[in-house]
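Participant: The structure is given below, and queries will be raised subsequently.
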Amino acid sequence: SSSSTVQSAIKNVTIIGGGLMGSGIAQVTAQAGQDVTLVDVNSDVLAKSQKSISNSLIKISKKIHKDNPQEAEKFAKEAFARIKTSTDPVSAVKETDLVIEAIVENLEVKHSLFQKLDNAAPAHTIFASNTSSLSINEIASVVKRKDKFGGLHFFNPVPIMRLLEVVRGMDTTDITFSTMMEWGKSVGKTCVSCKDTPGFIVNRLLVPYIAEAIRLLERGDASARDIDIAMKLGAAYPMGPMELADYVGLDTTKFILDGWSKKYPDQPLFRPIPTLNKLVAEGKLGVKSGEGFYKYE
Ligand code: CAA
Ligand code: NAD
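Take any residue in the sequence shown, note its place counting from 1, add 11, and you have its number in full-length UniProt numbering.
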């Protein structure tokens with residue numbers, strides 16, 4: 012069928028950025044039987060990613076092969092073996108079909124990476140960004156292959172969250188778009204599509220919701236703990252908004268709001284929040300730094 016043709020077009024995937032998101036994307040791609048190269052400028056990050064991928068694969072393989080520990084071990088081992096690592100983005104894209112960028116959320120840094128990759132990758136290779144908040148069109152503006160550029164936005168933790176937002180840029184062709192949708196399905200995700208708008212679907216709703224929760228706390232209307240209990244037990248969310256902000260990272264949350272408030276100064280939902288800025292200035296970034304709205308050991 013045409014869909015299997017599209018799917019089989021992607022055999023070799025390169026993920027640039029081996030942090031929280033890149034390591035998860037590499038893992039789900041390898042679980043689906045595709046060859047992966049995971050790239051980061053920092054080799055310590057790559058060692059850490061391999062450790063977290065290995066731990067996550069052990070948990071997941073035990074769920075997939077519940078009553079067969081041998082099969083579980085084989086699944087985890089084989090998936091892990093499909094992931095190569097590299098510190099050189101240019102050589103890593105020489106024979107790849109799909110590049111997914113998951114580096115720092117900074118337009119200039121993403122531009123300089125994509126410019127280099129555009130010259131190095133084969134003509135057929137599709138480029139995608141996992142950006143949380145930047146415009147796909149603006150990221151794509153520096154490459155020649157604008158027809159083969161789109162957004163593939165995953166959610167944290169990638170191995171567990173079932174959604175993938177597939178974002179069409181201004182120049183994304185139908186064939187590029189359908190290849191991205193098919194690829195998303197091939198790695199086990201449910202795909203939704205969205206135009207290139209701030210935050211796409213999930214973050215356009217989730218970030219203002221988290222921001223409003225912090226403002227509620229800032230006004231002294233309720234405690235962090237009570238806000239979280241309320242949304243978990245009153246709206247059946249798996250985490251409350253303060254816990255979720257700590258989980259996503261307070262720096263990331265602040266970075267998204269700062270970018271949007273600069274671009275859309277009239278939107279009150281995007282305005283900066285003093286409490287959030289203070290926590291970030293104090294190095295309280297949430298789970299990753301050991302403290303945010305809560306303390307973590
Ligand atoms: N790999 C493998 N397994 C994992 C895992 C990982 N990375 N993370 C969690 N799990 C497993 C746990 O081992 C556990 O398995 P068991 O049930 O077998 O014990 C299971 O998932 C549930 O985990 P926990 O018991 O630790 O805790 P939980 O029930 O609260 O689930 C959660 C954790 C899945 C993260 C859940 O709290 C949740 O869904 N939270 C909301 C997450 C969310 O909203 N993410 C989106 C953030 S926004 C974003 O990502 C976009 C952006 O651009 C910023
Ligand atoms: P992270 O800080 O955990 O990882 C980013 C990695 O990129 C770092 O390891 C860094 O060394 C590496 N890097 C930076 N510049 C590079 C370059 N030029 N070449 C190669 N590697 C480079 O960040 P993250 O949370 O994984 O986020 C990555 C991207 O995914 C961002 O665009 C972010 O907005 C987006 N995102 C984040 C989340 C989230 O919940 N954290 C969810 C969805 C999307």
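Don't be surprised by glycine CBs; every beta carbon is placed ideally from N, CA and C.
Just so it is clear, the structure is predicted and the values come from calculations on it, not from any experiment.
Would the beta-carbon of Val169 fall within 7 Å of that of Asp207?
Facilitator: Cβ distance not < 7 Å, so Val169 and Asp207 don't count as in contact.
Participant: At what residue ranges does the stretch 58-99 contain a whole run of the beta strand (DSSP E), taking only runs of 3 or more?
Facilitator: Runs found: 94-97.
Participant: How big is the Cα-Cα spacing for Phe91 and Leu49?
Facilitator: The straight-line gap from Cα to Cα measures roughly 12 Å.
Participant: Just curious, the alpha helix (DSSP H) that Lys121 is in, first and last residue?
Facilitator: Run containing Lys121: Leu118 to Ala131, per the alpha helix (DSSP H) assignment.
Participant: Looking at the structure shown, is Asp158 part of a helix, part of a strand, or coil, going by DSSP?
Facilitator: In the structure shown, Asp158 sits in a helix (DSSP, three-state: H, G or I).
Participant: Given this structure, state the Cα-to-Cα distance separating Ile186 from His122, to the nearest angstrom.
Facilitator: C-alpha separation (whole angstroms): 24 Å.
Participant: Would you kindly report the start and end of the unbroken alpha helix (DSSP H) that includes Asp182?
Facilitator: Unbroken run through Asp182: none, as it is neither H nor E.
Participant: Short of 6 Å in beta carbon distance, which residues of its chain neighbour Ser204, apart from the five on each side in sequence? Order them along the chain.
Facilitator: Excluding sequence neighbours, Ser204 sits near Val177.
Participant: Give me the DSSP bridge partner(s) of Gly297.
Facilitator: Gly297 pairs with Glu302.
Participant: Could you check what DSSP says for Asn167 in three-state terms: helix, strand or coil?
Facilitator: It is coil, neither helix nor strand.
Participant: Which value, in whole angstroms, describes the spacing of the CA atoms of Gly29 and Leu268?
Facilitator: Gly29 and Leu268: Cα-Cα distance of roughly 24 Å.
Participant: By the 10 Å Cβ neighbour count, where 16 or more other Cβ atoms means buried, how is Gln38 classified, buried or exposed?
Facilitator: So Gln38 counts as buried.
Participant: Report the option in Leu31, Ser234 and Val213 whose CA atom is closest to the CA atom of Asp51.
Facilitator: The residue with the shortest Cα to Cα distance from Asp51 is Leu31.
Participant: Below 7 Å between beta carbons: does that hold for Asn213 and Tyr258?
Facilitator: Looking at the sequence itself, residue 213 is Val, so the reference to Asn does not match. Their beta carbons are not under 7 Å apart, which means Val213 does not touch Tyr258 by this criterion.
Participant: Pick out whichever of Gln61, Ser65, Ala87 and Ser67 has its Cα sitting closest to the Cα of Gly44.
Facilitator: Looking at the Cα atoms, Ala87 is the closest of the given residues.
Participant: How many Å lie between Thr286 and Ser143 at the Cα?
Facilitator: Their backbone Cα atoms lie some 22 Å apart in a straight line.
Participant: In terms of residues, what are the limits of the beta strand (DSSP E) holding Val259?
Facilitator: First-last for Val259: Pro252 to Val259, but that is the alpha helix (DSSP H), not the beta strand (DSSP E).
Participant: Leaving out five residues on either side along the sequence, give the residues of the same chain with a beta carbon under 6 Å from the beta carbon of Ser13.
Facilitator: Low local confidence applies: a pLDDT of 46 at Ser13 is under 50, so the model's placement there is unreliable, with the coordinate-based value given in what follows. Around Ser13: no qualifying Cβ.
Participant: By DSSP, does Ala37 sit in helix, in strand, or in coil?
Facilitator: If DSSP states are grouped into helix, strand and coil, Ala37 belongs with the helices.
Participant: By the DSSP assignment, the beta strand (DSSP E) with Asn23 in it spans what residues?
Facilitator: Note, Asn23: beta strand (DSSP E), Asn23 to Ile27.
Participant: Would you identify the three-state DSSP class for Asp277, choosing helix, strand or coil?
Facilitator: The answer is coil: DSSP assigns Asp277 none of H, G, I, E or B.
Participant: Is Ile26 near the ligand NAD, in the sense that its beta carbon is under 6 Å from a heavy atom of that ligand?
Facilitator: Result no, Cβ not under 6 Å from the ligand NAD.
Participant: Which residue wins for smallest C-alpha separation from Ala222, given the options Leu261, Gly199, Gly33 and Ser60?
Facilitator: The candidate whose alpha carbon is nearest that of Ala222 is Leu261.
Participant: Among Leu145, Val120, Met242 and His76, which residue has its Cα nearest to the Cα of Gly162?
Facilitator: The residue with the shortest Cα to Cα distance from Gly162 is Leu145.
Participant: Give me the DSSP bridge partner(s) of Lys206.
Facilitator: Looking at the DSSP assignment, Lys206 forms a beta bridge with Arg179.
Participant: Given a cut-off of 7 Å on the beta-carbon distance, is the pair Met253 and Asp239 in contact?
Facilitator: Yes, the pair counts as a contact, with Cβ atoms nearer than the cut-off.
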